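See structure below.
2 protein chains.
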Amino acid sequence: MAKLQKSIDKRNALVKATIELVNNNGFHATPMSKIAKMAKVSPATIYLYFENKQDLVNQTYIEVKAEYTNYAFATYEENMSVEDGFELIWKRIADFKLKECEHAMFLAQCDNTPMIDEPSRIEGIKHLQPLLDLWQRGKKEGLVKPLSDFILYAYAINPLSFLMITQKRGAFQLNESHIEEAYQAAWDSIKVNK
Amino acid sequence: MAKLQKSIDKRNALVKATIELVNNNGFHATPMSKIAKMAKVSPATIYLYFENKQDLVNQTYIEVKAEYTNYAFATYEENMSVEDGFELIWKRIADFKLKECEHAMFLAQCDNTPMIDEPSRIEGIKHLQPLLDLWQRGKKEGLVKPLSDFILYAYAINPLSFLMITQKRGAFQLNESHIEEAYQAAWDSIKVNK
DNA sequence: TAAGTAAAAATGAACGTTCATTCTTTTTTT
DNA sequence: AAAAAAAGAATGAACGTTCATTTTTACTTA
Numbered sequence: 021m022a023k024l025q026k027s028i029d030k031r032n033a034l035v036k037a038t039i040e041l042v043n044n045n046g047f048h049a050t051p052m053s054k055i056a057k058m059a060k061v062s063p064a065t066i067y068l069y070f071e072n073k074q075d076l077v078n079q080t081y082i083e084v085k086a087e088y089t090n091y092a093f094a095t096y097e098e099n100m101s102v103e104d105g106f107e108l109i110w111k112r113i114a115d116f117k118l119k120e121c122e123h124a125m126f127l128a129q130c131d132n133t134p135m136i137d138e139p140s141r142i143e144g145i146k147h148l149q150p151l152l153d154l155w156q157r158g159k160k161e162g163l164v165k166p167l168s169d170f171i172l173y174a175y176a177i178n179p180l181s182f183l184m185i186t187q188k189r190g191a192f193q194l195n196e197s198h199i200e201e202a203y204q205a206a207w208d209s210i211k212v213n214k
Numbered sequence: 021m022a023k024l025q026k027s028i029d030k031r032n033a034l035v036k037a038t039i040e041l042v043n044n045n046g047f048h049a050t051p052m053s054k055i056a057k058m059a060k061v062s063p064a065t066i067y068l069y070f071e072n073k074q075d076l077v078n079q080t081y082i083e084v085k086a087e088y089t090n091y092a093f094a095t096y097e098e099n100m101s102v103e104d105g106f107e108l109i110w111k112r113i114a115d116f117k118l119k120e121c122e123h124a125m126f127l128a129q130c131d132n133t134p135m136i137d138e139p140s141r142i143e144g145i146k147h148l149q150p151l152l153d154l155w156q157r158g159k160k161e162g163l164v165k166p167l168s169d170f171i172l173y174a175y176a177i178n179p180l181s182f183l184m185i186t187q188k189r190g191a192f193q194l195n196e197s198h199i200e201e202a203y204q205a206a207w208d209s210i211k212v213n214k
């Protein structure tokens with residue numbers, strides 16, 4: 021009861037500030053004092069919502085990861101064909117990475133550093149199951165190469181992270197036709213060549 | 021003259037310690053004191069070889085990146101066919117990422133965080149030209165899809181980083197046949213479908 | 001070759017700062 | 001008016017960096 025009374029707005033502001041500061045400065049240059057300042061809150065207040073800095077980052081990671089996978093699978097239904105299902109999920113993921121770029125960047129940074137502790141990382145992986153099931157079905161139907169999920173993920177999904185980061189750094193501008201090209205490359209890499 | 025007298029061994033030990041500690045603990049949890057201890061050197065000695073912590077990380081990044089690209093292109097020759105050239109370079113890169121896993125992990129972490137400053141990052145990109153030239157040739161010959169280098173890189177090369185990181189985390193074990201499968205996926209994603 | 005010496009390299013301890021976290025007090029809510 | 005939430009100031013630890021000193025190296029001279 022006590023916890024529910026606490027303003028959810030403050031918690032959200034803290035999570036938001038964490039994402040923004042870690043994205044721009046890195047975890048190593050994101051002190052609690054700056055997070056507090058950006059969230060317009062006293063440093064002490066952070067500790068009413070989070071155990072410590074690690075907990076703040078872990079919870080932020082898990083929340084953003086859940087938001088990501090929810091978005092990815094929101095319109096997917098299991099009775100779709102493998103090809104339609106894959107295209108739908110892939111494009112939802114692309115959409116998320118472009119529209120919620122800040123959140124996707126934060127995930128990329130977490131996934132490539134020891135910034136997140138192992139339990140939180142494992143928690144974050146759980147939600148990908150619908151995609152793995154889809155691939156399983158695709159393998160059975162002879163449409164998807166019989167590869168391990170890791171390799172399928174590496175070629176079908178992960179390249180989007182690279183493109184997003186590259187775009188964020190200003191190296192080039194992703195547009196609609198790039199997305200279509202990338203989707204074709206993704207599908208070509210995992211589909212069975214007839 | 022003065023600088024050349026300084027023991028190159030100590031510098032190397034510092035670079036090595038930086039890679040190892042940043043890999044295992046992240047930049048944020050790698051104090052100069054630990055780097056010094058691991059390199060069996062006084063903290064003060066670091067400042068004889070490097071301006072400050074940022075400079076140490078920047079120089080380490082540039083060195084490892086150069087080592088990586090040197091390895092990738094060591095046996096490549098420009099008169100090779102596009103297909104042979106690509107397979108050769110790709111497999112050299114895969115080789116490096118598996119054999120020099122620590123170094124490759126360090127690069128991945130640098131490339132996905134604001135840990136490295138922008139000039140050093142730009143310096144690190146320079147050496148990839150032979151691969152871009154090969155793709156250019158492949159496009160002219162109608163063998164490689166007419167995509168931007170960023171997209172080609174995202175699908176042909178970058179997935180190896182994901183596989184390497186996943187393997188390092190112990191999620192699965194990469195073997196020879198995985199490498200062959202991954203190579204096929206890479207080529208399938210960028211080659212023109214006849 | 002051996003002794004002497006000046007410069008360079010290396011060191012451990014110390015400095016000032018910044019950090020995550022806690023303490024005490026004030027403000028807000030019920 | 002009691003309890004919960006929030007605040008600012010305070011705290012001790014840890015950090016990057018520098019300082020004062022010692023050790024090692026390279027070179028000169030006998």
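Going line by line, the protein sequences match chains A and B.
Going by the numbering used here, the first sequence opens with residue 21, and the numbers climb by one from there.
Going by the numbering used here, the second sequence opens with residue 21, and the numbers climb by one from there.
All residues carry an ideal CB built from backbone N, CA and C; glycine is no exception.
Quick caveat, the model's predicted, so the values are computed rather than measured.
For residue 192 of chain B, there is no enclosing alpha helix (DSSP H), as DSSP gives it neither H nor E. If you ignore the 5 residues before and after residue 91 of chain B, its C-beta comes within less than 7 Å of the C-beta of 112 and 116, all in its own chain and listed in chain order.
Here the alpha carbon of residue 118 of chain B sits roughly 49 Å from the alpha carbon of residue 27 of chain A. Between residue 47 of chain A and residue 77 of chain A, the C-beta spacing is below 9 Å. Considering only A:171, A:137, A:30 and A:178, the residue with the shortest C-alpha distance to residue 174 of chain B is A:178.
For residue 151 of chain B, the closest Cβ of chain A is not nearer than 9 Å. As computed with DSSP, residue 77 of chain A is found in no beta bridge at all. Within the region 127-154 of chain A, contact with chain B at the beta-carbon level (separation under 7 Å) is assigned to 128, 129, 132, 133, 134 and 135.
The beta carbon of residue 59 of chain B does not come within 9 Å of any beta carbon belonging to chain A, so the residue lies off that interface. Neighbours of residue 186 of chain B across chain A, judged by C-beta separation under 8 Å: 170 and 174. If you keep only unbroken alpha helix (DSSP H) runs of at least 4 residues inside the region 153-209 of chain B, you get 169-176 and 179-188. The three-state secondary structure of residue 30 of chain A, taken from DSSP, is helix. In the DSSP assignment, residue 66 of chain A falls within the unbroken alpha helix (DSSP H) covering 63-69. With a cutoff of 9 Å on beta-carbon distance, residue 36 of chain B and residue 65 of chain B are scored as not near each other. By the rule that beta-carbons nearer than 9 Å mark a contact, residue 183 of chain B touches chain A. Contacts between residue 198 of chain A and chain B, judged by CB atoms closer than 9 Å, involve 167, 168, 170 and 171 in chain order. Taking 9 Å as the Cβ-Cβ cut-off, the region 56-86 of chain A has no residue approaching chain B.
DSSP places residue 211 of chain B in the strand class (E or B) of the three-state scheme. For residue 103 of chain A, the three-state secondary structure derived from DSSP is helix.
The alpha carbon of residue 202 of chain B has as its nearest neighbour, out of A:168, A:185 and A:58, the alpha carbon of A:168. The count of Cβ pairs closer than 8 Å, one atom from the region 179-187 of chain A and one from the region 120-134 of chain A, reaches three, so the stretches are in contact.
In terms of CA proximity to residue 210 of chain A, A:156 leads the group A:156, A:70 and A:86. Interface criterion not met: the Cβ of residue 162 of chain B is under 9 Å from no Cβ in chain A. Contacts with chain B at 9 Å (Cβ-Cβ) do not include residue 101 of chain A.
DSSP, read as helix, strand or coil, puts residue 72 of chain A in coil. Spanning the alpha carbons of residue 192 of chain B and residue 87 of chain B requires a straight line of approximately 27 Å. A distance below 7 Å between beta-carbons, with the five flanking residues on each side excluded, links residue 194 of chain A to the following residues of its chain, in chain order: 118, 183 and 187.
Listed along chain B, no residue sits closer than 8 Å to residue 51 of chain A by beta-carbon distance, the nearest being about 11 Å off. Residue 145 of chain A has its alpha-carbon roughly 25 Å from the corresponding atom of residue 33 of chain A. Across the region 99-124 of chain A, no CB contact with chain B closer than 9 Å is found for any residue. Under the Cβ criterion of 9 Å, residue 32 of chain B is not counted among the residues facing chain A. Look at residue 96 of chain B here: in three-state DSSP terms it is coil, with no helix or strand label.
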